[in-house]
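The next block holds one structure in the form of structure tokens; read it before the comments.
Residue numbers (this note's numbering): 14 to 61.
Here it is, written out as structure tokens:
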């Protein structure tokens with residue numbers, strides 16, 4: 014497979030960089046629920 018990429022018509026040939034990141038309540042809730050679920054599974058396993 015060829016690793017080079019061709020620039021299509023209308024595309025910018027310069028790479029785009031992420032210049033900023035911010036959180037949202039939705040992301041915070043998702044992260045907290047995921048962490049809580051992981052911790053609960055860990056505790057349930059270690060109690061057996």
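All residues carry an ideal CB built from backbone N, CA and C; glycine is no exception.
Tell me the rounded alpha-carbon separation between residue i and residue j.
i: residue 46; j: residue 22; result: 43 Å
i: residue 36; j: residue 58; result: 32 Å
i: residue 32; j: residue 51; result: 31 Å
i: residue 27; j: residue 19; result: 12 Å
i: residue 56; j: residue 48; result: 12 Å
i: residue 40; j: residue 34; result: 12 Å
Mind checking which residues open and close the alpha helix (DSSP H) that includes residue i?
i: residue 50; result: 38–59
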